[in-house]
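Residue numbers (the numbering used here), protein chains in the order written: chain A, 77 to 187; chain B, 85 to 195.
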């Protein structure tokens with residue numbers, strides 16, 4: 077069974093709309109992360125959370141807002157979507173200060 | 085973040101042992117050396133990591149130079165499934181610390 081679930085797998089959105097990317101981990105980890113990978117580019121760190129609190133934010137835009145409703149959830153809300161937001165978004169989790177494990181990703185296409 | 089240098093690509097044949105080099109001349113004492121690999125359309129997969137001593141697991145052997153300025157990921161008896169982009173990343177073991185991915189080294193495995 078997959079230990080890190082990301083939903084949906086694929087997402088198509090129109091410019092200006094809002095979407096929520098879901099991430100759930102069943103590894104018992106207390107730290108969760110979001111990364112983004114645009115076409116032909118390296119993965120780029122976005123956010124890290126520890127015990128449901130924001131630890132680091134490397135995203136310049138406030139349009140990206142993580143939401144942690146449960147300790148094993150870290151969703152990503154993206155508002156006012158732009159075509160440049162098209163990318164694959166990866167969630168990861170870890171024990172505190174330990175190895176990060178990645179989910180399968182959500183591929184977002186903004187038209 | 086301290087940087088790493090890897091070859092852009094390496095080629096191998098099934099059954100060979102592959103040595104993937106990584107240079108990290110400015111590594112700090114509290115930085116771990118992490119290796120991840122990624123195939124297209126999938127999230128990064130953890131391979132191994134180490135601080136100072138050589139490490140081994142079911143996937144690979146990590147040889148770390150005594151001055152820690154370089155390391156080599158050794159993949160024994162590679163198969164087609166080992167074809168991926170391999171990333172050598174330095175990471176401080178602190179709460180919420182990010183992984184900084186570069187372009188990595190693309191390993192091609194031929195039958």
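A virtual CB, placed ideally from N, CA and C, is assigned to each residue, including glycine.
Quick caveat, the model's predicted, so the values are computed rather than measured.
Kindly indicate which three-state DSSP category residue i falls into: helix, strand or coil?
i                      : result
residue 105 of chain B : strand
residue 142 of chain A : strand
residue 121 of chain B : strand
residue 157 of chain A : coil
residue 184 of chain A : strand
residue 150 of chain A : coil
residue 112 of chain A : strand
residue 132 of chain A : strand
residue 164 of chain B : helix
residue 170 of chain A : strand
residue 123 of chain A : strand
residue 175 of chain B : strand
residue 96 of chain A  : strand
residue 100 of chain B : coil
residue 144 of chain B : coil
residue 102 of chain A : coil
residue 111 of chain B : coil
residue 89 of chain A  : strand
residue 137 of chain A : coil
residue 194 of chain B : strand
residue 132 of chain B : strand
Return the chain-ordered list of same chain residues with a C-beta closer than 6 Å to the C-beta of residue i, the five sequence neighbours on each side being excluded.
i                      : result
residue 142 of chain A : 123, 150, 152
residue 134 of chain B : 117, 146, 148
residue 90 of chain B  : 106, 172, 189
residue 185 of chain A : 88, 162
residue 128 of chain B : 120, 122
residue 108 of chain A : 125, 150, 169
residue 164 of chain A : 113, 181, 183
residue 152 of chain B : 111
Between residue i and residue j, how many whole angstroms is the CB-CB distance? I'm expecting something under 8 Å.
i                      : j                      : result
residue 122 of chain B : residue 162 of chain B : That belief does not hold up - the Cβ atoms of residue 122 of chain B and residue 162 of chain B are roughly 16 Å apart, past 8 Å.
residue 80 of chain A  : residue 126 of chain A : Incorrect: roughly 17 Å between the Cβ atoms, too far for contact.
Would you decide whether residue i is buried or exposed? Buried here means 16 or more other CB atoms lie within 10 Å of its CB.
i                      : result
residue 103 of chain B : exposed
residue 113 of chain A : buried
residue 177 of chain A : buried
residue 115 of chain A : exposed
residue 159 of chain A : exposed
residue 91 of chain A  : exposed
residue 176 of chain B : exposed
residue 144 of chain B : buried
Taking 8 Å as the limit between beta carbons, can you name the residues of its chain near residue i, skipping five residues before and five after?
i                     : result
residue 94 of chain A : 153, 154, 155, 156, 157
Skipping 5 residues on each side, what residues in its chain have a beta carbon closer than 7 Å to that of residue i?
i                      : result
residue 105 of chain A : 169, 170, 171
residue 148 of chain A : 100, 101, 102
Closer than 7 Å, Cβ to Cβ, to anything on chain A: give me those residues from the stretch 169-182 of chain B, in chain order.
-> So the close ones are 177, 178, 179, 180, 182.
Residues of the stretch 89-108 of chain A with Cβ closer than 7 Å to any Cβ of chain B, in chain order = Listed in sequence order: 107.
Anything in the stretch 119-132 of chain B with a Cβ closer than 9 Å to a Cβ of chain A? List those residues in chain order, please.
-> So the close ones are 120, 122, 125, 126, 127, 128, 129, 130.
Where the stretch 126-148 of chain A meets chain B: residues whose CB sits under 8 Å from a CB there | Listed by position along the chain: 126, 131, 132, 134.
Taking a Cβ distance cut-off of 7 Å, strictly less, list which residues of the stretch 133-157 of chain B are near chain A, in chain order.
-> Hits within the stretch, in order: 133.
For the stretch 150-176 of chain A, which residues have a beta carbon sitting closer than 9 Å to at least one beta carbon of chain B?
-> Against chain B - using a Cβ distance shorter than 9 Å - the residues of the stretch 150-176 of chain A are 164, 166, 167, 168, 172, 173, 174, 175, 176.
Could you name the residues of the stretch 182-195 of chain B whose beta carbon sits closer than 8 Å to any beta carbon of chain A, in the order they occur along the chain?
-> Result list: 182, 183, 184, 185, 186, 187, 188.
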